[in-house]
Amino acid sequence: MKNKIAQEWFERAQRDFETAKLIYHQRGYLEEVVFLIHQAIEKYLKGYLIFNGWKLKKIHDIETLLNEAKKYNNEFTEFLDFGRILTEFYYEERYPPGPISEISKDETKKLIEHAEKIIEIVKKETGL
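Under the working numbering, the first residue of the sequence shown carries the number 1, and numbering increases by one thereafter.
1. If L30 sits next to T108, beta carbons under 8 Å apart, how far is it from one beta carbon to the other, in whole angstroms?
2. Among D16, G98, H25, H38, which residue has its Cα nearest to the Cα of R84?
3. List the whole-angstrom C-beta distance separating I118 from F79, where the pair is believed to meet the contact cut-off of C-beta under 8 Å.
4. Residues in its own chain within less than 8 Å of K43 by CB, not counting five upstream and five downstream?
5. What three-state label does DSSP hand N3 in the structure shown?
6. With three or more C-beta pairs closer than 8 Å as the rule, is the segment 44 to 62 touching the segment 87 to 107?
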């Protein structure tokens, strides 16, 4: 890995994503799974961007990060809707007032699948 800081982002992202899948398979709280998917993808994208020379910005908006990432690889364009969903869920879930967000097992599974595709792109592009 040519960039130690990017590698640190990837290591943290991997832990978040593995934890999300573990909770999902153990039939845990799905809103926590989605939160961890958001965290993982945020970290993978920030690591990817840093790897490509991007200056770190303290943001949590996945759509914004995907728009930055597509400057280096247009494949990320496919995931903009995914990014909007994750970001909206993140803010709804983490910042009261309001009830805990509800998400189905099928919706969560689709989010995991989209996340896996983004992770594949990041790994391919960075040599992980």
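Beta carbons are placed, not taken as given, at the ideal position from N, Cα and C, and that holds for glycine.
Considering the structure as presented:
1. Confirmed, Cβ separation roughly 5 Å.
2. The shortest Cα separation from R84 among D16, G98, H25, H38 belongs to H38.
3. Yes, I118 and F79 are in contact; Cβ-Cβ is about 6 Å, under 8 Å.
4. W9, F10, R12, A13, D16
5. coil
6. yes
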